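Colleague: Below are the structure tokens for one structure; questions will follow.
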Amino acid sequence: MTDLSWEQKADDFSLYGFTDLPSVHDRGAVVVTHGEGPYIFDTKGRKYLDANSGLWNMVAGFDHKGLIEAAQAQYARFPGYHAFFGRMSDQTVLLSEKLIEVSPYDRGRVFYTNSGSEANDTMVKTLWFLHAAEGKPQRRKILTRVNAYHGVTAVSASMTGKPYNSVFGLPLPGFIHLTCPHYWRFGQDGETEEQFTARLAAELEATIIKEGPDTIAAFFAEPVMGAGGVIPPSKGYFQAIAPILKKYDIPLISDEVICGFGRTGNTWGCETYDFMPDAIISSKNLTAGFFPMGAVILGPELADRVQAAAEAIEEFPHGFTASGHPVGCAIALKAIDVVMNEGLADNVNRLSPRLEAGLAQIAQNPNIGELRGVGYMWALEAVKDRATKTPFDGSLSVSERIANTCTDMGLICRPLGQSIVLCPPFILTEPQMDEMFEKLEKALKKVFAEVA
Ligand SMILES: *Cc1c(COP(=O)(O)O)cnc(C)c1O
Numbered sequence: 000m001t002d003l004s005w006e007q008k009a010d011d012f013s014l015y016g017f018t019d020l021p022s023v024h025d026r027g028a029v030v031v032t033h034g035e036g037p038y039i040f041d042t043k044g045r046k047y048l049d050a051n052s053g054l055w056n057m058v059a060g061f062d063h064k065g066l067i068e069a070a071q072a073q074y075a076r077f078p079g080y081h082a083f084f085g086r087m088s089d090q091t092v093l094l095s096e097k098l099i100e101v102s103p104y105d106r107g108r109v110f111y112t113n114s115g116s117e118a119n120d121t122m123v124k125t126l127w128f129l130h131a132a133e134g135k136p137q138r139r140k141i142l143t144r145v146n147a148y149h150g151v152t153a154v155s156a157s158m159t160g161k162p163y164n165s166v167f168g169l170p171l172p173g174f175i176h177l178t179c180p181h182y183w184r185f186g187q188d189g190e191t192e193e194q195f196t197a198r199l200a201a202e203l204e205a206t207i208i209k210e211g212p213d214t215i216a217a218f219f220a221e222p223v224m225g226a227g228g229v230i231p232p233s234k235g236y237f238q239a240i241a242p243i244l245k246k247y248d249i250p251l252i253s254d255e256v257i258c259g260f261g262r263t264g265n266t267w268g269c270e271t272y273d274f275m276p277d278a279i280i281s282s283k284n285l286t287a288g289f290f291p292m293g294a295v296i297l298g299p300e301l302a303d304r305v306q307a308a309a310e311a312i313e314e315f316p317h318g319f320t321a322s323g324h325p326v327g328c329a330i331a332l333k334a335i336d337v338v339m340n341e342g343l344a345d346n347v348n349r350l351s352p353r354l355e356a357g358l359a360q361i362a363q364n365p366n367i368g369e370l371r372g373v374g375y376m377w378a379l380e381a382v383k384d385r386a387t388k389t390p391f392d393g394s395l396s397v398s399e400r401i402a403n404t405c406t407d408m409g410l411i412c413r414p415l416g417q418s419i420v421l422c423p424p425f426i427l428t429e430p431q432m433d434e435m436f437e438k439l440e441k442a443l444k445k446v447f448a449e450v451a
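The sequence shown begins at 0 in numbering that gives the first Met the number 0 and counts up by one.
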């Protein structure tokens, strides 16, 4: 051990992921020691309101007693096991039953991973396996959207529609990105939102025909795009695309890693946007961030077909060492109960109008071009000119500056492109929400005064 500062040690020994390096070298990492409710504390004793729930996931805050006790009890009882060779923990069995019960399906099957990326990866492999088993090995192409975020493994990064993946030589071939359903940014002059949606639906069908319907494995979508900038779908989007996918027998997979378990005001984002996916991808809130875990939830039709394909070769040759980890499953069972039955989901429903109204007030600032979101996930997009939607010059790093200014004021929020993301934990009280509004508004005014 050296006597370097925490910041220096972090800087010397970490390969930082998704971190603005000039900014972290300059400011030092925030080294976090513990949390209380929605607040985190660092090695300097500073206190921050985390308006991003960690990374969208710590919806019950950072010290929830019931979740800690559930973890401790399971560690004392049975601290680890796998789910291979016909063995799995009792908690794993209980969680699968629970996930089907709370899913939109009356029956189905669940497969566990350690992350959302692995869950998407698993879903793609499962579909490649299924199509090959059904005599269509050429059905391998994956359709997603520009600005989609599906994770960072080679496959899930290929599904992600962000330019930064080009530094890895990704996407892999066969991953196709359709237009992002963000009307404010991508709608054309004179185009209504309905016409915009219709254009995107037509693009989907034209792409399917061009590629060949028999070459496409699936279409994946987040109900609300999260890491792409909190982008709710344009009006009628899922109603327009679902029938096209059905027509060509292409599975629709809902990536609910952020939206699942209450973030949009319902248990699932597909409920909020009224569509029925063929399978659901879950992670993040699944354990309220208390354990790394993801799940693929297959609806009845895919469950039957995948099961039949596995029976035919007597095995589904896939699994992670920690798939269905008993501690993760015990925590997830508790987290589902906490979110659904301890008033957390109710808080989102009761207080999201208040959250929206407070942010709408802040969005009157002429340098905010758009406020968008639903439930407890929102973004404010900064613009140089609201009328023309002209962004600030990238070299000004406006959103990083806003986030850094917020951090200095004791508020954590995240820059995403030119937007600032607010996705607070579901336990946020009304005074804590007001604290968030006050600090955010102050930070925005300060930064816009500097860059205007
Ligand atoms: C975070 C996220 C993922 C990836 O999950 P990891 O646990 O970080 O691998 C996938 N899809 C969506 C929608 C996400 O927000």
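Ideal Cβ placement from N, Cα and C applies to all residues, glycine included.
The model shown is predicted, which means the values in this text are computed figures rather than measured ones.
1) Going by DSSP in three states, Trp267 sits in which element: helix, strand or coil?
2) So what's Ala331 in DSSP terms, helix, strand or just coil?
3) Measuring CB to CB, does Ala156 end up less than 7 Å from Asn164?
4) Going straight from the alpha carbon of Cys179 to that of Arg86, what length do you get?
5) Closest to Arg184 by CA distance: which of Met432, Arg198, Ile230 is it?
6) How about Ile240 and Trp55: are their beta carbons less than 7 Å apart?
7) Closest by CA to Leu94, which one among Phe110, Gly34, Asp105?
8) Can you list, in chain order, the residues of its chain whose CB lies under 6 Å from that of Tyr80, leaving out five sequence neighbours each side?
9) Rounded to a whole number of angstroms, what is the C-alpha to C-alpha distance between Thr159 and His176?
10) Across which residues does DSSP place Ser253 in a beta bridge pair?
11) Between Gly409 and the rest of its own chain, which residues show a CB-CB distance below 8 Å, the 5 nearest in sequence each way excluded?
12) Grab me the residues of His33's own chain with a C-beta within less than 6 Å of its C-beta, minus the 5 sequence neighbours each way, in chain order.
13) For the putative contact between Ala226 and Val58, defined by C-beta atoms under 8 Å, what is the C-beta separation to the nearest angstrom?
14) Going by C-alpha distance, which of Val92, Ala132, Thr406, Pro21 is nearest Pro316?
15) Ignoring anything shorter than 4 residues or poking outside the segment 44 to 113, list the alpha helix (DSSP H) runs there in chain order.
16) Is the beta carbon of Tyr375 within less than 6 Å of some heavy atom of ligand 1?
17) Any contact of the segment 65 to 79 with the segment 255 to 271, i.e. 3+ C-beta pairs under 8 Å?
18) Check the DSSP bridge columns for His181 and list the partner residues they point to.
19) Within the present structure, is the beta-carbon of Asp254 separated from the nearest heavy atom of ligand 1 by less than 6 Å?
20) Would you say Arg304 and Leu129 are within 7 Å of each other, going by their C-beta atoms?
21) To which residues of the same chain is Trp377 closer than 8 Å at the C-beta, ignoring the five residues directly before and after it?
22) Distance check for Ala302 and Gly393, CA to CA, integer angstroms please.
23) In three-state terms, what does DSSP make of Ala294?
24) Any chance the CB of Ser22 is under 6 Å from a heavy atom of ligand 1?
25) Alpha carbon to alpha carbon, what distance is there between Ala442 and Asn403?
26) Just to check my reading of the structure: Gly261 and Val338 have Cβ atoms closer than 8 Å, yes? What is that Cβ distance to the nearest angstrom?
27) Based on DSSP bridge pairs, tell me the residues matched to Val420.
Modeller: Working from what's here:
1) Here residue 267 refers to the residue found at position 268 of the sequence shown. In this structure, Trp267 counts as coil in the three-state DSSP scheme.
2) Here residue 331 refers to the residue found at position 332 when the sequence shown is read from its first residue. It is helical.
3) Residue 156 sits at position 157 when you count from the first residue of the sequence shown. Residue 164 sits at position 165 when you count from the first residue of the sequence shown. Cβ atoms of Ala156 and Asn164: closer than 7 Å.
4) As a first step, residue 179 must be located in the sequence shown, where it is residue number 180. As a first step, residue 86 must be located in the sequence shown, where it is residue number 87. Arg86 has its alpha-carbon roughly 43 Å from the corresponding atom of Cys179.
5) Taking the sequence shown and counting its residues from 1, one reaches residue 184 at position 185. With distances taken between Cα atoms, Arg184 lies closest to Ile230.
6) Working through the sequence shown from its first residue, we reach residue 240 at position 241. Working through the sequence shown from its first residue, we reach residue 55 at position 56. No, these two residues do not count as a Cβ contact at 7 Å.
7) The residue labelled residue 94 in the question sits at position 95 within the sequence shown. Selected option, being the one with the closest Cα: Phe110.
8) Counting from 1 along the sequence shown, the entry for residue 80 is found at position 81. Excluding positions up to five away in sequence, the list reads Ser88, Pro325.
9) Within the sequence shown, numbered from 1, the residue matching residue 159 stands at position 160. Within the sequence shown, numbered from 1, the residue matching residue 176 stands at position 177. Near 8 Å, if we compare the C-alpha coordinates of His176 and Thr159.
10) Against the sequence shown, residue 253 aligns to sequence position 254. DSSP, once it has assigned bridges, lists Ala220, Ile279 as partnering Ser253.
11) Walking along the sequence shown from the start, residue 409 turns up at place 410. Apart from sequence neighbours up to five positions away, the residues of its chain that approach Gly409 with a beta-carbon distance below 8 Å are Arg45, Lys46, Tyr47, Leu48, Lys438, ordered along the chain.
12) The residue you call residue 33 lines up with position 34 of the sequence shown. Cβ neighbours of His33 beyond the five flanking positions: Phe40.
13) As a first step, residue 226 is located in the sequence shown; it is residue number 227 there, counting from the start. As a first step, residue 58 is located in the sequence shown; it is residue number 59 there, counting from the start. By a beta-carbon distance limit of 8 Å, Ala226 does not contact Val58. Their separation comes to about 17 Å.
14) Here residue 316 refers to the residue found at position 317 when the sequence shown is read from its first residue. For the residues Val92, Ala132, Thr406, Pro21, the minimum Cα distance to Pro316 belongs to Ala132.
15) You should have 52 to 55, 64 to 76, 89 to 101.
16) Translated into positions along the sequence shown, residue 375 becomes position 376. No - ligand 1 has no heavy atom lying nearer than 6 Å to the Cβ of Tyr375.
17) Result no; under three Cβ-Cβ pairs closer than 8 Å.
18) Locating residue 181 in the sequence shown gives position 182, counting from the first residue. Partner(s): none; His181 has no beta bridge.
19) Working through the sequence shown from its first residue, we reach residue 254 at position 255. Indeed, a heavy atom of ligand 1 lies less than 6 Å from the Cβ.
20) Residue mapping note: residue 304 aligns to position 305 of the sequence shown, counting from 1. Residue mapping note: residue 129 aligns to position 130 of the sequence shown, counting from 1. Contact flag set, yes.
21) In the sequence shown, the residue the question calls residue 377 occupies position 378. Excluding positions up to five away in sequence, the list reads Val229, Leu354, Glu355, Leu358, Leu370, Arg371, Val420, Leu421, Cys422.
22) In the sequence shown, residue 393 corresponds to position 394, counting from 1. In the sequence shown, residue 302 corresponds to position 303, counting from 1. Cα-Cα distance, rounded: 46 Å.
23) If you number the sequence shown from 1, residue 294 lands on position 295. If DSSP states are grouped into helix, strand and coil, Ala294 belongs with the strands.
24) Residue mapping note: residue 22 aligns to position 23 of the sequence shown, counting from 1. False, no ligand heavy atom lies under 6 Å from that Cβ.
25) Taking the sequence shown and counting its residues from 1, one reaches residue 403 at position 404. Taking the sequence shown and counting its residues from 1, one reaches residue 442 at position 443. Rounded to the nearest angstrom, the gap between the Cα atoms of Asn403 and Ala442 is 9 Å.
26) Taking the first residue of the sequence shown as 1, we reach residue 261 at position 262. Taking the first residue of the sequence shown as 1, we reach residue 338 at position 339. Between Val338 and Gly261 the Cβ distance is about 5 Å, and since that is below 8 Å, they are a contact.
27) What you label residue 420 is simply residue 421 of the sequence shown in a count that begins at 1. Bridge partners of Val420: Ala378, Arg413.
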